[in-house]
Amino acid sequence: MIEVTLLGTGSPMVDPNRAGPATLVRAGGQTFLVDAGRGVLMRAAAVGVGAADVTALLLTHLHSDHITDLTDVITTRWITTFTRTPLLVIGPPGTAAVVDAILDALAPDISYRIGHHADITEPPSVEVEEVTDGVVWGRDGVQILVAPTDHRPVEPTIGFRVEFGGASVVLAGDSVPCASLDALSAGADALVHTVIRKDLVQLVPNQRLRDILDYHSSVEQAANTAARAGVGTLILTHYVPPLAAGQEDAWRALAATEFDGTVELGDDLHRVEVKARPAG
Ligand SMILES: [Zn+2]
Ligand SMILES: [Zn+2]
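By UniProt numbering, the letter at position 13 of the sequence shown is numbered 13, and the numbering carries on one by one without gaps.
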């Protein structure tokens, strides 16, 4: 079983009730954080996960809403561990430069803490692995694959497929439908996909918001991707506009126009247990 918890179901739009994009994936005693949006560690704390517990941080892309709190994950990991415990970050090319810049920005804090605590003698340790494709993780029965997604002009962007005990979960991040996401998602038991309501966004009299129409999947497009790939459960997140109470069935109905499997959506901390489906 792979446990998926939507830590943050929000977007760049600030919402008092939705943290920024982040998803927790737990399998085989390993804890993966996928993206690190606004408030990620507050939400993770709500399910008993601290920065020190993260096996690896997986970044789908370097858009600010997905990495807002990377600085918090780096610092909090550093000051809540008592032996050298590098934070492993697996992300697209460009990730190392972002991490280096964050560490530069943290230089005053790093010097204060090293100066003040006798047992803190070195700066945060972050190990970055930049990937675009292929198998990027294999440990104790958990395998993770990566493939490119299409969120242009934002590039490179990647999706992850986590496999454990016969179950599989794909985390698409922000993407329009594309062949490599289809291939990554083929036969997956669950697909976590960020979505926007294009039918609503196109009505907004603000071109800057309407600009997002061309590089995100609508609910129907994400559902169509899930259907094409033969996915079991579609898990929607990153709702634009924010999913309002009582509107869940309207979002489900849009997904149901393209996909006849299970659709999961909800508020921050919505949890889904993904099990391997019987073959055939
Ligand atoms: Zn994005
Ligand atoms: Zn986004």
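Yeah, the Cβ is synthetic: ideal placement off N, Cα and C, and Gly gets one too.
Since the structure is predicted, the reported quantities are computational estimates derived from the model, not experimental observations.
Should residue i go down as buried or exposed, given a rule of 16 or more other Cβ atoms within 10 Å for buried?
| i | result |
| --- | --- |
| GLN202 | exposed |
| LEU171 | buried |
| GLU127 | exposed |
| ASP140 | exposed |
| ALA179 | exposed |
| PHE82 | exposed |
| ALA45 | exposed |
| THR5 | buried |
| VAL54 | buried |
| ASP249 | exposed |
| ASP35 | buried |
| VAL14 | exposed |
| LEU41 | buried |
| GLN207 | exposed |
| residue 287 | Outside the shown range of the chain (1 to 280) lies residue 287, about which nothing can therefore be said. |
| LEU145 | buried |
| LEU191 | buried |
| PRO205 | exposed |
| GLU264 | buried |
| ALA253 | exposed |
| ASP268 | buried |
| LEU33 | buried |
| GLU163 | buried |
| LEU26 | The identity of residue 26 in the sequence shown is Arg, whereas the question assumes Leu. It counts as buried. |
| ASP199 | exposed |
| HIS117 | exposed |
Considering only heavy atoms of ligand 2, does any lie closer than 7 Å to the CB of residue i?
| i | result |
| --- | --- |
| PRO21 | yes |
| ASP65 | yes |
| THR95 | no |
| SER185 | no |
| THR194 | yes |
| SER217 | no |
| SER111 | no |
| HIS238 | yes |
| SER11 | yes |
Contact defined as beta carbons within less than 8 Å: I believe residue i pairs with residue j. What is the distance between those atoms, to the nearest angstrom?
| i | j | result |
| --- | --- | --- |
| PRO86 | SER111 | Not quite, the Cβ-Cβ distance comes to about 20 Å (not below 8 Å), so this is no contact. |
| GLY159 | LEU184 | 5 Å |
| GLY37 | ASP65 | 5 Å |
| ARG197 | VAL240 | 7 Å |
| ARG228 | ALA188 | Not quite, the Cβ-Cβ distance comes to about 12 Å (not below 8 Å), so this is no contact. |
So if I measure from each beta-carbon to every heavy atom of ligand 1 and keep distances below 5 Å, which residues remain? In chain order, the residues that have a beta carbon nearer than 5 Å to some heavy atom of ligand 1 are HIS63 and ASP174.
Give a yes or no on contact between the segment 239 to 246 and the segment 270 to 279, applying the rule of three or more CB pairs nearer than 8 Å. no
Three or more beta-carbon pairs under 8 Å between the segment 53 to 71 and the segment 92 to 112, yes or no? yes
Are there three or more Cβ pairs, one per stretch, closer than 8 Å when the segment 49 to 67 is compared with the segment 144 to 155? Segments in contact, yes.
Does the structure place the segment 257 to 265 close enough to the segment 212 to 224 that three or more beta carbon pairs sit under 8 Å? yes
Report yes or no: do three or more beta-carbon pairs, one from the segment 203 to 221 and one from the segment 91 to 102, lie closer than 8 Å? no
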